Amino acid sequence: DVKVTQSSRYLVKRTGEKVFLECVQDMDHENMFWYRQDPGLGLRLIYFSYDVKMKEKGDIPEGYSVSREKKERFSLILESASTNQTSMYLCASVGRRGTETKSSYEQYFGPGTRLTVT
Amino acid sequence: GENVEQHPSTLSVQEGDSAVIKCTYSDSASNYFPWYKQELGKRPQLIIDIRSNVGEKKDQRIAVTLNKTAKHFSLHITETQPEDSAVYFCAATTGSARQLTFGSGTQLTVLP
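In order, the protein sequence lines correspond to chains Y and C.
Residues 433 to 550 (the numbering used here) are what the first sequence spells out, left to right.
Residues 16 to 127 (the numbering used here) are what the second sequence spells out, left to right.
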């Protein structure tokens, strides 16, 4: 069974702290993503990674960085947390479903981390 | 980049009625359109998807239609049940990037 886990369900940090959010998948997927989810804004892509040590910016990368040292682990880093980074953070891992001609990329999500920055 | 708009933001229907959620996309190169359901306090999960070479796809009570010319796609849920109450997200991708651009979500409430 597909499994994506995140290091914390709830996290409270102070402004200016460095914050690490970890995501681990056990499906040997190459592709991993970090989103933030805010009411009325849907899921917005922060960063993604196609392979170990490979990363690309998503739509809202400012204030964030990522690390992918091992295939199964993708970390999101808030270098200096700010109150506007209070949000739900979701990690996803992408796999391939179906046959080669009908393949699609189903994203498997982790349970989310509710981060509050005070 | 891709932009996906989703309407309505909230939708209430009586149990047994149908629900329709609509999305438009901007990038004509997009070729894969999934729909995710997120129940309260849970993670989003894929419920149905469609590729650009297909106009309609059905899975029991849910169906998705795609109009490539107009660049819009819709989710149809028939015979709604209370357990259909959730937030639904549409998304689009060009496929080669394997990254999704999501709509803003629709809170569906099925009234008993």
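No residue lacks a Cβ here, since even glycine has one placed at the ideal position from N, Cα and C.
Quantities reported herein were computed from a predicted structural model and do not represent experimental measurements.
Cβ separation of residue i and residue j, assumed to be a contact under 8 Å, to the nearest whole Å
i	j	result
A137/C	F48/C	Residue 137/C is absent from the structure shown; chain C starts at 16 and stops at 127.
K503/Y	V526/Y	Incorrect: roughly 13 Å between the Cβ atoms, too far for contact.
V549/Y	A513/Y	5 Å
Y103/C	T121/C	5 Å
V28/C	T95/C	5 Å
G544/Y	L508/Y	That pair is no contact at about 12 Å.
T80/C	S89/C	5 Å
Identified DSSP bridge partners for residue i
i	result
V79/C	K72/C and L90/C
V102/C	Q53/C and Q122/C
H461/Y	DSSP, once it has assigned bridges, lists no residue as partnering H461/Y.
Cβ pair residue i, residue j closer than 8 Å
i	j	result
Q114/C	F465/Y	yes
Y51/C	I36/C	no
K450/Y	L547/Y	no
Residue-chain proximity (residue i, chain C), Cβ-Cβ < 8 Å
i	result
V526/Y	yes
Q457/Y	no
F541/Y	yes
L475/Y	yes
L508/Y	no
L547/Y	no
Y521/Y	no
E501/Y	no
E504/Y	no
Residue i at chain Y interface by Cβ criterion, 8 Å
i	result
Q114/C	yes
R76/C	no
P59/C	yes
G31/C	no
Practice prompt. May I ask you to verify whether the region 30-49 of chain C touches the region 115-127 of chain C, counting CB pairs closer than 8 Å and requiring at least 3?
Written response: Cβ pair count under 8 Å is three or more, so yes.
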